[in-house]
Amino acid sequence: MSRDWSLLLGMLLALLACVLLWVLHGALMDQPGPRLADLAAANVPYSGVSNPVTSVLLNFRAYDTLLELAVVLAALLGIWALGPAVPGFQPSGPVLASMVSWIVPLLILAGGYMLWVGGHAPGGAFQAGALLGAAGVILRLGGDPRAGLPDETMQRWLAVAGTAVFTLVGLALAAAGEGFLTYPTDWAKWLILLIETAATIAIGVTLAAAYVGGRP
Amino acid sequence: MTQLLLLFDVVLLTTLLALAVAAVTSPEPRRAVMLFIAFGLWLSMVWARLRAPDVALAEAAIGAGLGGALMLAAARRAAKREAGDSTESAGDSGAGGPPA
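These protein sequence lines map, in sequence, to chains Z and E.
In terms of this note's numbering, the first sequence has 139 at position 139, counting the first letter as 1, and numbering is strictly consecutive.
Count along the second sequence from 1, then add 216; that gives the number in this note's numbering.
Rendered as structure tokens:
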């Protein structure tokens, strides 16, 4: 890039930063108008979970979370489109290998706990999926070229599982006359748990496959 | 107690900004990624201070942990590609050991 262009780019970025600061200043100085927080907090008991963050993410604004899962899936498709994966690391020595064999089951257990605890305390599908993905990263660093993932067909199914289950639940509810992703109060807990379980597995597989970095 | 917390916040924020500037201005990709991981962990403490434990967890696990691992792998690949033009063997500047 020539010098003039980088100067122009710098000036434009500085201008953008000024606009952002101005907007932030305006938002901070402004009196807080009517917000949705009170309405959301009043409806948490009917959402199926008692953690307000999870009730917003998986119930009140479930559509946003569905699109987030689709974004993660699209990123993985982009990585797979780049070509075959590079070779992994050489098999680890005995010290690292024994640490890996300890830490991977612990991470899977912690992921399951994180998924379950998301219903009533900080936690949830993304954090639990990140723990599963971390288990895959550690397996690959320890010498497993596939990061503990199953074969290619299974990987494809698992990677779409989160988005697919989420969409199917939404469509089934719409077909039952409830509206897209509008859970009946009695079933909300179990539907949310079903979606979060599928999302956790999908996010874990996606993150581990992204670390492998190529078509399986 | 309040003043101690204020001091803690000021130290937290100045270190966060210093880490951000250091990560952006670092000339070497691998160093920049390591500074970015430190920045992510530090930012998760800021989120915890703002009483947002959900965001703090996600930031530490995804932003710092897996994002850092992905970027380290990308830096290793880029270095390998650059070195691959001249020699075949100079590729092991990566995240844990030489490639098999």
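All C-beta atoms in this analysis are idealised placements derived from N, C-alpha and C, irrespective of residue type, glycine included.
Going by CA-CA distance only, name the one from the options that's closest to residue i.
i                     : options                       : result
residue 295 (chain E) : E:275, E:244, E:268 and E:282 : E:244
residue 70 (chain Z)  : Z:164, Z:22, Z:49 and Z:6     : Z:164
residue 115 (chain Z) : Z:202, Z:214 and Z:211        : Z:202
residue 265 (chain E) : E:284, E:228 and E:236        : E:228
residue 180 (chain Z) : Z:167, Z:191 and Z:190        : Z:167
residue 204 (chain Z) : Z:177, Z:150 and Z:176        : Z:150
residue 215 (chain Z) : Z:147, Z:190 and Z:171        : Z:147
residue 288 (chain E) : E:274, E:253 and E:270        : E:253
residue 108 (chain Z) : Z:126, Z:14, Z:135 and Z:101  : Z:135
residue 99 (chain Z)  : Z:74, Z:139, Z:83 and Z:66    : Z:139
residue 119 (chain Z) : Z:57, Z:30 and Z:35           : Z:57
residue 279 (chain E) : Z:176, Z:192 and Z:126        : Z:126
residue 113 (chain Z) : Z:14, Z:196 and Z:68          : Z:196
Is the beta carbon of residue i sitting closer than 7 Å to the one on residue j?
i                     : j                     : result
residue 111 (chain Z) : residue 96 (chain Z)  : no
residue 194 (chain Z) : residue 133 (chain Z) : no
residue 54 (chain Z)  : residue 162 (chain Z) : no
residue 239 (chain E) : residue 251 (chain E) : yes
residue 255 (chain E) : residue 235 (chain E) : yes
residue 199 (chain Z) : residue 76 (chain Z)  : no
residue 169 (chain Z) : residue 85 (chain Z)  : no
residue 72 (chain Z)  : residue 285 (chain E) : no
residue 122 (chain Z) : residue 270 (chain E) : yes
residue 258 (chain E) : residue 233 (chain E) : no
residue 291 (chain E) : residue 237 (chain E) : no
Go through its chain and collect everything with a Cβ distance to residue i's Cβ below 8 Å, but skip five positions before and after it.
i                     : result
residue 60 (chain Z)  : 40, 43 and 47
residue 276 (chain E) : 256, 257 and 260
residue 312 (chain E) : Note that residue 312 (chain E) scores 45 on pLDDT, short of 50, meaning its location in the model is unreliable and no value can be drawn from it.
residue 102 (chain Z) : none
residue 178 (chain Z) : 184
residue 10 (chain Z)  : none
Determine which residues share a DSSP beta bridge with residue i and list them.
i                     : result
residue 215 (chain Z) : Z:84
Note down, in chain order, each residue of its chain lying with its Cβ closer than 6 Å to the Cβ of residue i, except the 5 sequence neighbours on either side.
i                     : result
residue 310 (chain E) : A caution first: residue 310 (chain E) carries a pLDDT of 42, below 50, which makes its placement in the model too unreliable to give a value.
residue 172 (chain Z) : none
residue 305 (chain E) : Residue placement at residue 305 (chain E) cannot be trusted, given a pLDDT of 44 that sits under 50; the coordinates are not used to answer.
residue 52 (chain Z)  : 44
residue 80 (chain Z)  : 215
residue 246 (chain E) : 291
residue 152 (chain Z) : 216
Spatial neighbours of residue i within its chain, please: C-beta separation below 7 Å, excluding the five flanking residues on both sides.
i                     : result
residue 159 (chain Z) : 73, 76, 202, 205, 206 and 209
residue 65 (chain Z)  : 57 and 58
residue 63 (chain Z)  : 181
residue 117 (chain Z) : 123
residue 37 (chain Z)  : none
Practice item. Report yes or no: do the region 256-265 of chain E and the region 219-236 of chain E share at least 3 C-beta pairs separated by less than 8 Å? Key: yes
Point to revise | Contact the region 176-188 of chain Z vs the region 30-48 of chain Z: 3+ CB pairs below 8 Å | key: yes
Practice item. Answer yes if the region 86-95 of chain Z comes into contact with the region 140-159 of chain Z, meaning at least three C-beta pairs across the two stretches below 8 Å, and no otherwise. Key: yes
Review point. Hey, is the region 18-30 of chain Z in contact with the region 123-130 of chain Z, meaning 3+ C-beta pairs nearer than 8 Å?
Key: no
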